[in-house]
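Take a look at the structure set out below.
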C-alpha cells in the first residue's frame with residue numbers, strides 16, 4: 001500500500017528498478033521507441049498499461065530494455081507472429097491460457113482487457129483466468145485453448161487434437177499458434193523471475209498515480 005505516487009510507480013518493476021529514459025544507451029533508446037510504437041500503442045488500444053507518462057516501461061518491457069539486442073530480436077519475432085493471421089479471439093485465448101497456467105499476474109491483467117476487446121465474453125475470460133474450460137468460445141478459439149493446455153500443462157498433443165487443429169488452422173497457422181504460445185511462455189518466465197506486479201487498477205487514485213502513456217497524444 002504505497003503512500004506516494006512515486007513509490008507506487010517504482011514498485012511496478014518488481015525485483016527490477018523501473019529504468020528511467022535518461023539512463024538509456026543508444027540501443028535501449030532505439031528499442032524503447034519501437035516498444036512505444038508497438039506494445040505501448042497496443043496497450044493503449046486495449047485499455048491496459050505498459051508505459052508511464054515519464055516514459056518508463058512496466059510489465060515485461062522494463063525487463064526487455066535491460067537486454068536490447070535479444071529483446072529487439074524477440075520483438076521482431078512477436079511482430080511476425082502478429083502478422084501471421086491468427087484471429088484475435090484465438091490469439092487472446094492462447095495468451096490467457098498460458099498466463100493462467102503460469103499464474104502470471106501481468107499477462108492476466110493485460111490480456112483480460114485485450115480479450116474483451118477481441119469479443120470474448122466476461123464469463124469466458126473468468127474461466128480462462130482460473131484454468132477452467134470456457135463454455136462460449138468459438139470453435140477455433142476452443143481448439144486454441146485445448147491445444148495450449150495440451151502443450152503447456154500436459155506436454156503432449158493427442159492425435160485427435162492434432163488432427164482437429166490442422167483441419168481448423170492448417171499447418172502454417174498451427175506453427176504460428178505454437179510460436180505465440182512460446183512467446184508468452186518466455187514472457188511469463190520473465191515476469192515470474194522478476195516478480196512483476198500489475199498496476200493497482202482498482203485504486204481510484206490510479207489514474208493520477210500511474211498515468212498511462214498515450215501514443216496518440218502530441219508530445
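Residue numbers (full-length UniProt numbering): 1 to 219.
Ideal placement from N, C-alpha and C gives every residue a C-beta, glycine not left out.
Given the structure is predicted, the values throughout are model-derived calculations rather than measurements.
Checklist entry - Below 9 angstroms between beta carbons: does that hold for residue 108 and residue 57? => result Contact flag unset, no.
Item to check | Helix, strand or coil at residue 130 according to DSSP, with G and I counted as helix | outcome: Taken through DSSP and simplified to helix, strand or coil, residue 130 comes out as coil.
Item to check | Cross-strand partners of residue 57 (DSSP beta bridge) | outcome: Answer by DSSP bridge pairing, in chain order: 51.
Checklist entry - Can you tell which of 125, 186, 80 and 143 has the C-alpha that lies nearest to the C-alpha of residue 160? => result Residue 143 is the option with its Cα nearest to residue 160.
Checklist entry - From residue 7 to residue 60, what does the alpha carbon distance come to, in whole angstroms? => result Only weak support exists for where residue 7 lies, its pLDDT of 32 falling under 50; the value from the coordinates is given anyway. Here the alpha carbon of residue 7 sits roughly 19 angstroms from the alpha carbon of residue 60.
Item to check | Alpha-carbon spacing of residue 55 relative to residue 27, whole angstroms | outcome: In this structure, the alpha-carbon of residue 55 lies about 16 angstroms from that of residue 27.
Checklist entry - Does the beta-carbon of residue 155 have 16 or more other beta-carbons within 10 angstroms, so that it is buried, or is it exposed? => result It is exposed - the Cβ of residue 155 has fewer than 16 other Cβ atoms within 10 Å.
Next on the checklist: Buried or exposed, going by whether 16 or more other CB atoms sit within 10 Å of the CB of residue 85?
Outcome noted: Per the 10 Å Cβ criterion, exposed.
Checklist entry - Under three-state DSSP, which class holds residue 64? => result Residue 64 falls in the helix class under three-state DSSP.
Item to check | Own chain partners of residue 236 with C-beta closer than 8 angstroms, once the 5 adjacent residues on each side are dropped | outcome: As displayed, the chain neither begins before 1 nor continues past 219, which places residue 236 out of reach and without an answer.
Checklist entry - Below 9 angstroms between beta carbons: does that hold for residue 101 and residue 120? => result Residue 101 is not a Cβ neighbour of residue 120, given a cutoff of 9 angstroms.
Next on the checklist: Quick check on this structure: which residue in 117, 139, 138 and 112 has the alpha carbon closest to the alpha carbon of residue 126?
Outcome noted: The closest CA to that of residue 126, considering only 117, 139, 138 and 112, is found on 112.
Item to check | Sequence-distant residues of its chain with Cβ nearer than 6 angstroms to residue 180 (five each side left out) | outcome: Within the same chain, residue 180 has close Cβ partners 81 and 94.
Checklist entry - Is it right to say residue 69 is buried, meaning 16 or more other beta carbons lie within 10 angstroms of its own, or is it exposed? => result With fewer than 16 Cβ atoms within 10 Å of its Cβ, residue 69 is classed as exposed.
Checklist entry - Quick one: complete alpha helix (DSSP H) runs, 4+ long, within the segment 13-52? => result Within the segment 13-52, the runs of alpha helix (DSSP H) that reach at least 4 residues and sit entirely inside it are, in chain order, 26-35 and 41-46.
Checklist entry - Among the residues of its own chain, which have a CB less than 7 angstroms from the CB of residue 14, if the five just before and after it don't count? => result Once the five neighbours on either side are set aside, the close Cβ partners of residue 14 are 194, 195, 196 and 197.
Checklist entry - Just the Cα atoms here: how many angstroms apart are residue 16 and residue 110? => result Roughly 19 angstroms between the two C-alpha positions.
Checklist entry - Would you report the Cα separation of residue 182 and residue 41, rounded to the nearest angstrom? => result Each residue's alpha carbon lies about 22 angstroms from the other.
Checklist entry - How far does the alpha helix (DSSP H) with residue 220 in it reach, from first residue to last? => result Look at the range of the chain in this structure, 1 to 219, and you will see that residue 220 is not part of it.
Checklist entry - To the nearest angstrom, how far is it from the Cα of residue 3 to the Cα of residue 33? => result Summary for residue 3: the model assigns pLDDT 32, below 50, so the residue's position carries little reliability; its value from the coordinates is reported in the next sentence. Near 31 angstroms, if we compare the C-alpha coordinates of residue 33 and residue 3.
Checklist entry - Hey, how far is the Cα of residue 74 from the Cα of residue 134? => result Linking residue 74 to residue 134 through their CA atoms gives a straight-line distance of about 30 angstroms.
Item to check | Proximity of residue 105 and residue 191 at Cβ, strictly below 9 angstroms | outcome: Contact: yes.
Checklist entry - What's the C-alpha gap between residue 129 and residue 24? => result The alpha-carbon of residue 129 is positioned some 35 angstroms away from that of residue 24.
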